[in-house]
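Here the structure comes first, spelled out in structure tokens, and everything after it is commentary.
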Amino acid sequence: AQTVTQSQPEMSVQEAETVTLSCTYDTSENNYYLFWYKQPPSRQMILVIRQEAYKQQNATENRFSVNFQKAAKSFSLKISDSQLGDTAMYFCAFMKLWPDSGGSNYKLTFGKGTLLTVNP
Amino acid sequence: KAGVTQTPRYLIKTRGQQVTLSCSPISGHRSVSWYQQTPGQGLQFLFEYFSETQRNKGNFPGRFSGRQFSNSRSEMNVSTLELGDSALYLCASSLSPNQPQHFGDGTRLSIL
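Those sequence lines, one after another, are chains A and B.
Quick note: the first sequence uses the working numbering, first residue 402, plus one each step.
Quick note: the second sequence uses the working numbering, first residue 201, plus one each step.
Okay, here's the thing in structure tokens:
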């Protein structure tokens, strides 16, 4: 079974600064996806960024980027130029890519989350 | 394009009752997954449907069930409700199985 660990229950950052959220995972699989989702107080889970394990290049989405270290099973999220709207719970998630049997067998395994507060 | 729609947003039930939650995926999405979110256990996978077939099920008792209709809309049902079933139930849909999942706002279920 896969496990995802987020070791920082809470973090805070000043507006406009950079913050890095940590995530480690455990799997014996070679093909998988990793995701970061954010859940603001409005509670909708929003996809922030995705990384395919077979890609060596780190994914970036505007102010969000990841540092993917496959051998170390580490997947950290860097938020640059933090904004007040970035205040949210951030979840790291793993999705195993099972063999395609003509259908689907995909599920997300989530970490416990990191509550990020951006201070003005 | 409308996002994932879950109804109702809030629900209050008593122990022993049953409940049905609804999820309408993004138009064109055929895969629907359900998750339970609680403060203690975090986010846990319930089940996943694709083309009206349950493809995968999480470690939940048989009181939790679901189905998917031909238009990809999905429902989940919980029978004989227990206090521990109080949670936020999230539905997610994806265009195809290997695409990112997009979540709805969830249904907050409270058991009295």
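Where a beta carbon is used, it is the ideal one built from N, C-alpha and C, also for glycine.
Could you tell me whether the Cβ of A:Ser-505 comes closer than 9 Å to any Cβ of chain B? Low per-residue confidence applies at A:Ser-505: pLDDT is 48, beneath 50, and the placement is therefore not dependable enough to give any value.
Give every residue of the same chain whose Cβ lies closer than 6 Å to the Cβ of A:Tyr-426, excluding the five residues on either side of it in the sequence, and list them in chain order. Val-405, Lys-474, Phe-495
Chain A contact residues for B:Ser-233, given Cβ-Cβ distances below 7 Å: Lys-508
Contact defined as beta carbons within less than 8 Å: I believe B:Gln-217 pairs with B:Leu-283. What is the distance between those atoms, to the nearest angstrom? The Cβ separation is near 12 Å, so there is no contact.
Cα-Cα separation between A:Thr-488 and B:Ile-212, rounded to whole angstroms: 29 Å
Proximal residues, the segment 442–463 of chain A versus chain B, C-beta separation under 8 Å: Ser-443, Arg-444, Gln-445, Met-446, Ile-447, Leu-448, Arg-451
If you drop the 5 nearest sequence neighbours on each side, which residues of the same chain put their C-beta closer than 7 Å to that of A:Glu-418? Residues of the same chain with a CB within less than 7 Å of the CB of A:Glu-418, apart from the 5 flanking positions on each side, are Ser-483 in chain order.
Can you tell me the Cα-Cα spacing of A:Val-414 and A:Ser-477, whole angstroms? Answer to the nearest angstrom: the Cα atoms are 16 Å apart.
Would you please verify whether the beta carbon of A:Leu-422 is less than 9 Å from any beta carbon of chain B? Not one chain B Cβ lies under 9 Å of A:Leu-422.
For A:Phe-511 versus A:Tyr-433, is the C-beta spacing smaller than 9 Å? No, the pair does not count as a contact, with Cβ atoms beyond the cut-off.
Along the beta strand (DSSP E) that carries A:Thr-421, what are the first and last residues, could you check? 420–422
Based on the DSSP secondary-structure assignment, which residues constitute the bridge partners of A:Gln-409? None, per the DSSP bridge assignment.
Can you pull the chain B neighbours of A:Leu-516, defined as C-beta to C-beta under 9 Å? By Cβ distance, chain B contributes nothing, its closest Cβ being about 12 Å from A:Leu-516, past 9 Å.
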